[in-house]
Structure formats: structure tokens, C-alpha cells
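One structure is given below, encoded as C-alpha cells.
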Amino acid sequence: MGGDLLTLFLCGDVMLGRGVDQILPHPGDPALREGYSRDARDYVALAEAANGPVPRPAAFSWPWGEALTALDEAAPAVRVLNLETSVTRYSDFAPDKAIHYRMNPANLPCLAAARPDVCVLANNHVLDFGRRGLAETLATLAEAGLRTAGAGADAAAASRPAIVPVAGGRRVLVFSFGMPSSGIPGTWAATGDRSGVAFVAEPSRAAASGIADRIRQLKQPGDIAVASVHWGSNWGYHVPRDQAAFAHVLLDGGVDVVHGHSSHHPRALEAYRGKLVIHGCGDLIDDYEGITGYEHYRDDLRLLYLVSVDPDTGRLHELRIVPLQSRQMRLRPASADDSRWLRTLLDSIGSGFAPCTTAGPRGALTLRPSS
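Taking the working numbering, the leading residue of the sequence shown gets 2, the next gets one more, and so forth.
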């Protein structure tokens, strides 16, 4: 293995809108157009009914809770998250959508508290408030110095990777795209003369080959390429064969890590020919606390993924996972029992790894490729 390891922090959906926005210092318009609720504050009430009072206003760091300390301790070289909300004051509710997420731009310090290097945006909520909302989202993030990938003023901008310089003159390239299986409308696709997201119509081998070709053209010696893809259903552990094959074509074609998200709970992890596929990271921050119906998936458990790779080859050395739990709209350490439950789950739904081990004061789970 050549040189020091490079560690990336990856996570799933970070939704700082709706109820989360309402507890922050600058709550935006709480109006909703949902069948369940017309007021975002109802989601705060659900969380409080389940687990106790939430401070209002809460500090910008409140939703992250113990995640911030855990990240500081791990000191990853690059931090990548899926920002699943519009950051806008516009009220152009996207038609034919049941759920809309927006965060007041004045609350952006909440996002900045995690010091993300890249916010991937090719998801099914970034255009919840129309193309004006997308433009404001992009401008707000750019003004704050936050890199984005997966959405832009046209197709070229939306497909452009975020480039993060790291030690040794190396770079991490983060490509972001999304699929209709995650709920992204086809009308949200960026075109030559229309803003939108980097959209992939289906997880075909041909589509994966086209993406891999483009990544190879941009990737330089010493670069690590991350393909961040929003795909799949909200619930369930089954990974369709075409999605798995899509990920494999990407890795065979020069991608080093496939960072999948959209599901509300963790899905399968795979070590494929020495490289990592996360089929679904699960949610990290949201306002779903107190919503019932899928408790057996334990969507209250939230994971920080710390991916250590050989910077020369992109091969996975180990994956450390810090388990947290959402309580009072804040991330807290998961219990020892919950860590054991996650360990059993990951062993049962993962492939290509030695048995998961637990070590460290935060009950971190460690997976290493079996060969």
C-alpha cells in the first residue's frame, strides 16, 4: 500500500429544512402543502411528543450534536454530504410533489457548522421551490464558499465535479447524479439551456459506461474519484441487480468509491474488487422523529461513514462507521445495544467484508475487505 491513507467522510441525506429550519435562529415561512400538515412546526411537535422538548431557537450546531465532535476526532481529509433541501426564500412550490423542503438562507451557518467540503445536490428535493429556488440555493452556497456538485445553471454545470485539493498535491473529484427511482422528476434534468440536476434516466450499463468515460477524461494520476448517486427506494434492504451492476461498471471504469443515498436507513455495503460501494447511507439529519410506520428499520439510527483508501490505487483499506441516534432533533451517541444491532445488520446485508468489529469509545464499527 503506497503512502498514507486518505480518509473521506461520507453520509446520507442532510435535510435542514421544514421542522429543522423552524428550530434554528432564523426560521423561514413554515407554510407547507402536504396532506398531513400545512405548518412545518407540526414536525417539531411530533419530535417533542416522542422524546421531549427541543430548544427554540436552538444553536446552529444543535442538529449535528455529537457528530461534530466525532468528525473532529476522525479528521477526515474530505467531507461529503447529500444536501437534501432547497436553501431559499421563494415559495414556488414544485407541482405534483407531496413533500417540499426549504431552509431559510439565513440559517446556512447550520450547514457550515459541519464544514462540508462538498454538498451533492442531484436529489429529489433541491428543486422543491422551482428553478428560482435552485438559483438561490446555488448562489447562497457559493457565497458561503461551499463547493457543490450535481446541479447547476445548465447540463455542463450540473455534471461538473467538485474538486477538493488534498495533501501531497492530490485531488478528490466528487461527481453527483440522480435517478428517477429516488423520486427525481425527469423535468428536473438540466439541459443545454435549462438549469437542473445531473439526471440519469436508468441504471443501465451503457449509462454507467458513459459516466465512467467522462470521469476518466477528467481524472489525473493521483486523483480519487467519488461517484455520489441518489437512487433507490426509501425503505427495504434489497438492491436491484441493475443498480449493483451499474456500481460495478463505475468501479471497473475508474471510480474509486460509489456513495449511494436516498434510503431512510442504511442499505447494503459492498467491497467489490477491493473498492467500496455504499448502496444507501441512510438519513443523517431530518425532522422525521416521531413519524411512525417503519420502526423495524431503525431509521432513528444515523451513521457517519469514514472511508480510508490507498491514495495511489483507490483500494479500500477499512470503513469505520460511527453510530448515532436522533433524539430531540439532535444526534447523540448510539447505545451499546444499538451498535450491536447495527453490527449484526451490516454483517447480514453486506458482502465482501470480514466480520464487522466494534472498537473505540464511540462504539465505532469497522469493516475491512475480506480479501
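Glycine included, C-beta positions come from ideal geometry on N, C-alpha and C. From a predicted model like this one, the values you see are computed outputs, not experimental measurements.
Apart from the five residues just before and just after residue i, which ones in its own chain have a Cβ nearer than 7 Å to its Cβ?
{"i": "Y91", "result": "F130, G131, R133, G134, E137"}
{"i": "S336", "result": "none"}
{"i": "I164", "result": "R172, L174"}
{"i": "S327", "result": "E290, D301, R303"}
{"i": "A246", "result": "R206"}
{"i": "Y238", "result": "R268, A269, I350"}
{"i": "V240", "result": "R268, A269, H280"}
{"i": "K98", "result": "D129"}
{"i": "G53", "result": "Q329"}
So, with DSSP's three-state summary, where would you put residue i?
{"i": "G53", "result": "coil"}
{"i": "I292", "result": "coil"}
{"i": "Q326", "result": "strand"}
{"i": "A187", "result": "Before going further, note that residue 187 is Gly rather than Ala in the sequence given. Helix, per DSSP."}
{"i": "F354", "result": "strand"}
{"i": "I286", "result": "strand"}
{"i": "P334", "result": "strand"}
{"i": "Y37", "result": "coil"}
{"i": "R19", "result": "helix"}
{"i": "E67", "result": "helix"}
{"i": "A59", "result": "coil"}
{"i": "Y298", "result": "helix"}
{"i": "R274", "result": "coil"}
{"i": "P370", "result": "strand"}
{"i": "E319", "result": "strand"}
{"i": "M2", "result": "With a pLDDT of only 41 at M2, under 50, the local geometry of the prediction cannot be trusted, and the value read off the model is given with reservation. The answer is coil: DSSP assigns M2 none of H, G, I, E or B."}
{"i": "Y306", "result": "strand"}
{"i": "T8", "result": "strand"}
{"i": "A32", "result": "strand"}
{"i": "S264", "result": "coil"}
{"i": "R42", "result": "helix"}
{"i": "R363", "result": "coil"}
{"i": "S340", "result": "helix"}
{"i": "L174", "result": "strand"}
{"i": "L25", "result": "coil"}
Please list, in chain order, all residues of the same chain as residue i whose beta carbon is under 6 Å from its beta carbon, the five residues on each side excluded.
{"i": "S352", "result": "E271"}
{"i": "H265", "result": "N235, D284, D300"}
{"i": "M2", "result": "With a pLDDT of only 41 at M2, under 50, the local geometry of the prediction cannot be trusted, and no value is derived from it."}
{"i": "R321", "result": "L307, A365, T367"}
{"i": "R42", "result": "Q23, P31"}
{"i": "G66", "result": "R331, L332, R333"}
{"i": "A76", "result": "none"}
{"i": "S372", "result": "none"}
Could you tell me whether the Cβ atoms of residue i and residue j are closer together than 8 Å?
{"i": "G261", "j": "W236", "result": "no"}
{"i": "G281", "j": "R299", "result": "no"}
{"i": "G13", "j": "M104", "result": "no"}
{"i": "C115", "j": "R161", "result": "Note on residue identity: the sequence assigns Ala, not Cys, to residue 115. Contact flag unset, no."}
{"i": "G122", "j": "S182", "result": "The amino acid occupying residue 122 in the given sequence is Leu; Gly does not appear at that position. Cβ atoms of L122 and S182: not closer than 8 Å."}
{"i": "T428", "j": "L368", "result": "This structure cannot settle anything about residue 428, because the visible part of the chain is limited to 2 through 372."}
{"i": "P334", "j": "F354", "result": "no"}
{"i": "A209", "j": "I216", "result": "no"}
{"i": "I279", "j": "L11", "result": "yes"}
{"i": "P117", "j": "L147", "result": "yes"}
{"i": "A254", "j": "A202", "result": "Going by the sequence as given, residue 254 is Gly instead of Ala. Result no, Cβ atoms of G254 and A202 do not sit closer than 8 Å."}
{"i": "A323", "j": "A71", "result": "Ala is not the amino acid found at residue 323; the sequence shown has Val there. Closer than 8 Å, so yes."}
{"i": "V15", "j": "L84", "result": "yes"}
{"i": "V119", "j": "A158", "result": "no"}
{"i": "I100", "j": "E35", "result": "yes"}
{"i": "G187", "j": "N124", "result": "no"}
{"i": "L346", "j": "L325", "result": "no"}
{"i": "K276", "j": "L252", "result": "yes"}
{"i": "L82", "j": "S309", "result": "no"}
The ligand COA and residue i: does any heavy atom of the ligand fall closer than 7 Å to the residue's C-beta?
{"i": "L72", "result": "Within the structure as shown, the ligand COA is missing, as the structure has no ligands at all."}
Taking 8 Å as the limit between beta carbons, can you name the residues of its chain near residue i, skipping five residues before and five after?
{"i": "D224", "result": "R171, R172, V173, L174"}
{"i": "M409", "result": "Lying before the first or after the last residue shown, residue 409 is absent from the chain, which here runs from 2 to 372."}
{"i": "D40", "result": "P31, A32, L33"}
{"i": "P385", "result": "Residue 385 is absent from the structure shown; the chain starts at 2 and stops at 372."}
{"i": "L69", "result": "S62, A114, A115"}
Report yes or no: do the region 12 to 28 and the region 57 to 69 share at least 3 C-beta pairs separated by less than 8 Å?
yes
Return the chain-ordered ranges of every beta strand (DSSP E) run that is complete within the region 113 to 169 and spans a minimum of 3 residues.
119 to 121, 148 to 150, 163 to 167
If contact is defined by three or more beta carbon pairs under 8 Å, each pair taking one atom from either stretch, is the region 193 to 203 in contact with the region 151 to 165?
yes
Quick one: any contact between the region 77 to 94 and the region 60 to 68, if contact means 3 or more CB pairs under 8 Å?
no
When the Cβ atoms of the region 245 to 259 are set against those of the region 303 to 321, are three or more pairs found closer than 8 Å?
yes
Give the list of continuous beta strand (DSSP E) stretches no shorter than 3 residues that lie fully inside the region 185 to 224.
none
Whole beta strand (DSSP E) elements within the region 221 to 258, 3-residue minimum:
225 to 231
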